[in-house]
Structure formats: structure tokens, C-alpha cells
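J.: Protein chains in written order, with our numbering: chain A, 4 to 188; chain B, 138 to 334.
Virtual Cβ for every residue (Gly too), placed ideally from N, Cα, C.
A quick note: this is a predicted structure, and the numbers were derived from the prediction, not measured.
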Amino acid sequence: MTNDYSIPPLRDLPPGRLAQRAQHLHAEISRETPSRFTIPRFAMPRLRLARPVVVALVAAIVMLALVPIGGASLATRAINGITGIWTPGSPPPAPAPYQQGDKVWTTPPPTVSGSSQFSPPAGWSAPQPPAAPPAYQQGEKVWTTTPPTEPQTTTTITCTTPSDAANLLAKLEKEGSSITAVQCR
Amino acid sequence: MEPDDSILWARSRAGDADAFTALFRRHAKAIYNYCFRRIGDWASAEDALSVVFLEAWRRRDKELPPEKVLPWLYGIATNVLRNRQRAERRFRAALARVPEPLPQADFSGETDDRLDDERSMQHALVALSQLPRREQDVFVLCAWFELSYEDAALALDLPVGTVRSRLSRARQRLRELDPGCGHEQGRTATVREALEP
Numbered sequence: 004m005t006n007d008y009s010i011p012p013l014r015d016l017p018p019g020r021l022a023q024r025a026q027h028l029h030a031e032i033s034r035e036t037p038s039r040f041t042i043p044r045f046a047m048p049r050l051r052l053a054r055p056v057v058v059a060l061v062a063a064i065v066m067l068a069l070v071p072i073g074g075a076s077l078a079t080r081a082i083n084g085i086t087g088i089w090t091p092g093s094p095p096p097a098p099a100p101y102q103q104g105d106k107v108w109t110t111p112p113p114t115v116s117g118s119s120q121f122s123p124p125a126g127w128s129a130p131q132p133p134a135a136p137p138a139y140q141q142g143e144k145v146w147t148t149t150p151p152t153e154p155q156t157t158t159t160i161t162c163t164t165p166s167d168a169a170n171l172l173a174k175l176e177k178e179g180s181s182i183t184a185v186q187c188r
Numbered sequence: 138m139e140p141d142d143s144i145l146w147a148r149s150r151a152g153d154a155d156a157f158t159a160l161f162r163r164h165a166k167a168i169y170n171y172c173f174r175r176i177g178d179w180a181s182a183e184d185a186l187s188v189v190f191l192e193a194w195r196r197r198d199k200e201l202p203p204e205k206v207l208p209w210l211y212g213i214a215t216n217v218l219r220n221r222q223r224a225e226r227r228f229r230a231a232l233a234r235v236p237e238p239l240p241q242a243d244f245s246g247e248t249d250d251r252l253d254d255e256r257s258m259q260h261a262l263v264a265l266s267q268l269p270r271r272e273q274d275v276f277v278l279c280a281w282f283e284l285s286y287e288d289a290a291l292a293l294d295l296p297v298g299t300v301r302s303r304l305s306r307a308r309q310r311l312r313e314l315d316p317g318c319g320h321e322q323g324r325t326a327t328v329r330e331a332l333e334p
């Protein structure tokens, strides 16, 4: 090994190469697409594998939100779509009281069941409170109506699980019932 | 007058390709020579230069203190050279689009000089390779490129005190490894010169 460790002087790029490289760089960054630069090529297979996993996880979370767990439900379902989603442990905000003349309707306060689940108050959607709907009975099962002071155009009855609610809704719809929403408690 | 680095960098961060290309023209020589002094091959240094700037563009969301673009580019270059295979794989498609060199006037004299440079550099790199990699990084930036401790610390993402201690250890180690190293050759720097604090 020689002892000559001289460090060469600083040099420019060969003639014409600086301009050529600058032009190349400009072209590359101008044509940049996310797939080319922001995701390294070696990471692509991992992303391809990760995508189905993420989709499955999201689907599982959505299912958990809609399906009862141990008798508890996270969602309220109605004919016109989801009418309320709440998380056990935090009651949903109650709508403001409804007033017409000297009559005042208040929303029922959230009630807590034994499984720490909140029954959400129904929302106001029309100026006139409907008449109290009759309770619905099927065999030994009885569904109670929401309090008659609620000024809803849609009549709400309560049941215990979303599957009950779904079955009941389908049945009511088939029968042409005036009951248009089912609240799960 | 060309805007300063801070302005060009701010524009680059906003996606201005012209501003970033202006930064390239300004700092290409420094990074090109840095790459050469780390790998000892001019042609590879030229490709590494492109990769360093493509990588810098990719990381353009980085906020930099005023006038610290060049130290930061040295840091990018250090990482690119450390992970050269991976970095080149990332930009393989871009490198494939580098045009062939244009026909040039004869510059065989310069070609000879460049071959000599490569031989000299390989010898110096053999000496340098006896240091741990982390000390090599500090030594090259501070001794061969005369970066301040603060700039080297920014480039390598290290505390200033760590830069000081690594440089000190590197100098000490090189003296111990080869006390007689370094012969003056014209205007070129030597490892011996770089050993002087």
C-alpha cells in the first residue's frame, strides 16, 4: 500500500454534462407522479399485500358498528338509513326541546341499560308531534313506542337488537304499517 | 441576480421545478465532488449526483434553516451513498432516461487527469476505510469539505458535540494508523493536511 493519499482537486462535470443533467432532472421532476417517487418500487409488493388487509379491517370495523356484541348495539337503524350511531359510554346529544304555543315537548333523556348502553333520544324532524303509536306485539315479544311527547313525523318503536329491528322493519313494511322507524335499545 | 438558496428552496417546496433546477446548477459541483470523494469514480459520482437531487426533490417537504440547503444536500448524499443500491433501484427508471453524453471536443488531457484522480482517490479511500463509517462521514464533511461543526451536524442529523468528538477520534485514529501518510502533490489536499485541526 502506498503512502500517497493525495485528495484530487474539485472538478466540474465534464463539458456539457451539467446542462444535460440539469435538463434531465427538470424533466424527471416535472413528469413526477406519486407512484414513481413517493412510493418506492421495493415497497410496492408490501403495499399490494397490505391493501386487502386494510380493506378487511375497515369492513370488520363497520360490521362491529352495525352488529350487536353480547346484546349491545352500536347503531340505530331506520328505513331511511342510519338514524343514529353512538358509542357505549357516551350518550348522544339530546335535541333542543320543541315548543308550539304554550305546549312544550322535551326529548326523553338518554337512559342507560345494564350493559352500559345508551338509548338515544329521538330527533325532531317535523313541527307536529304524532299521536302515540300502538305497541307492536309478535308472539311473546312486545315492542314499546317512544314517548308520545316526541314531535316526530316518523313513528319510532324500540326493540332490543338490530336483528330484531331489521326483521320488524321488513315485516312492517310488508304490512304497509305507518310505523316507519325502529330504534334499537 | 439569482435568488438565494432560501428563496429557491421555498419555491421548490411549493413544487417549482425551475427553482429546484436552479439549486441543482448551483450545488451540483459540490455534491458531484463529494460523491466522487466517497466512491472514487467520476462516472458513478455523476449518477449519484442525479440520485441525490431526485431524492432531495422527493423530500422537499423538509423545512430548512436559512442558507442550510447545501449542508442538507450533503446529508442526503451521505445517505444515498450509504444505501447506494437501494437508492439507485428507487430511481432506476429515471436514471435510464439520462441521455447519452453529447459528442465533445477532445479533452484527453482532462481524461488523463480524471484517471489520475480516481487512482489517488482510491488510495485515500483505502486509508479512510479504516475508520468506522460514522467517523468517515464526519471526517469527509469537516476535513475534506470544510463544513462547520454545525453544518456537519445538520447534514448528519447529529448533535454538534457528537460531530466534534467523532472528528477528533477520526483524526487521532488516522494518525495512529499511518503516521507517515501524506505527500504534497501540487495544489491537491492530502489526508495529512486534513488531519491538522
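So what's S266 of chain B in DSSP terms, helix, strand or just coil?
T.: Counted from its first residue, the second sequence places residue 266 of chain B at position 129. Here S266 of chain B sits in coil by DSSP.
J.: Got a sec, what are the start and stop residues for the alpha helix (DSSP H) V206 of chain B sits in?
T.: Translated into the one-based positions of the second sequence, residue 206 of chain B becomes position 69. First-last of the alpha helix (DSSP H) with V206 of chain B: V206 to R219.
J.: Run the CB neighbour count on V56 of chain A, radius 10 Å, all protein chains shown included, and call it buried at 16 or more, exposed below.
T.: Taking the first sequence and counting its residues from 1, one reaches residue 56 of chain A at position 53. Result: exposed.
J.: For A182 of chain B, does the count of other Cβ atoms within 10 angstroms reach 16, so buried, or fall short, so exposed?
T.: Locating residue 182 of chain B in the second sequence gives position 45, where the first residue counts as 1. Buried: at least 16 other Cβ atoms inside 10 Å.
J.: Counting contacts by CB-CB distance shorter than 7 Å, is W146 of chain B in contact with chain A?
T.: For this step, residue 146 of chain B is matched to residue 9 along the second sequence. Taking Cβ atoms only, chain A never reaches closer than 7 Å to W146 of chain B, which makes this a no.
J.: Is the CB of T157 of chain A under 7 Å away from at least one CB in chain B?
T.: Here residue 157 of chain A refers to the residue found at position 154 of the first sequence. Model confidence at T157 of chain A stands at a pLDDT of 45, short of 50, so the residue's coordinates are unreliable and nothing is read from them.
J.: Under 9 Å between beta-carbons, which chain A residues line up against E183 of chain B? List them in chain order, please.
T.: Start at 1 with the first residue of the second sequence, and residue 183 of chain B comes out as number 46. L16, P17, R20 and R24, listed in chain order.
J.: Identify the continuous alpha helix (DSSP H) that holds L160 of chain B and give its terminal residues.
T.: Taking the second sequence and counting its residues from 1, one reaches residue 160 of chain B at position 23. It spans A154 to I176 - the alpha helix (DSSP H) in which L160 of chain B sits, taken as one unbroken run.
J.: Do F161 of chain B and L28 of chain A have their C-beta atoms closer together than 7 Å?
T.: Indexing the second sequence from 1 puts residue 161 of chain B at position 24. Indexing the first sequence from 1 puts residue 28 of chain A at position 25. Cβ distance < 7 Å, so F161 of chain B and L28 of chain A count as in contact.
J.: So the alpha helix (DSSP H) A233 of chain B belongs to, where does it begin and stop?
T.: To locate residue 233 of chain B, count along the second sequence from 1; it is residue 96. Segment R229 to A233, the alpha helix (DSSP H) holding A233 of chain B.
J.: Rounded to whole angstroms, what is the Cα-Cα separation between D274 of chain B and L232 of chain B?
T.: For the purposes of this step, residue 274 of chain B is identified with residue 137 of the second sequence, where counting begins at 1. For the purposes of this step, residue 232 of chain B is identified with residue 95 of the second sequence, where counting begins at 1. Each residue's alpha carbon lies about 25 Å from the other.
J.: For a quick check, are the C-beta atoms of L314 of chain B and Q267 of chain B less than 7 Å apart?
T.: For the purposes of this step, residue 314 of chain B is taken as the residue at position 177 of the second sequence. For the purposes of this step, residue 267 of chain B is taken as the residue at position 130 of the second sequence. For L314 of chain B and Q267 of chain B, yes; Cβs fall inside 7 Å.
J.: Would you please verify whether the beta carbon of A156 of chain B is less than 7 Å from any beta carbon of chain A?
T.: Working through the second sequence from its first residue, we reach residue 156 of chain B at position 19. Judged by the 7 Å Cβ criterion, A156 of chain B is not in contact with chain A.
J.: In this structure, what does DSSP give as the bridge partners for I64 of chain A?
T.: Within the first sequence, residue 64 of chain A is the residue found at index 61, counting from 1. According to DSSP, which records beta bridges pairwise, I64 of chain A is partnered with nothing at all.
J.: Determine whether the beta carbon atoms of W194 of chain B and L201 of chain B lie at a separation below 7 Å.
T.: Mapped onto the second sequence, residue 194 of chain B falls at position 57. Mapped onto the second sequence, residue 201 of chain B falls at position 64. Contact: no.
J.: Give a yes or no on whether 7 Å exceeds the smallest Cβ distance from A261 of chain B to chain A.
T.: As a working note, residue 261 of chain B is residue 124 in the second sequence. Interface residue, yes.
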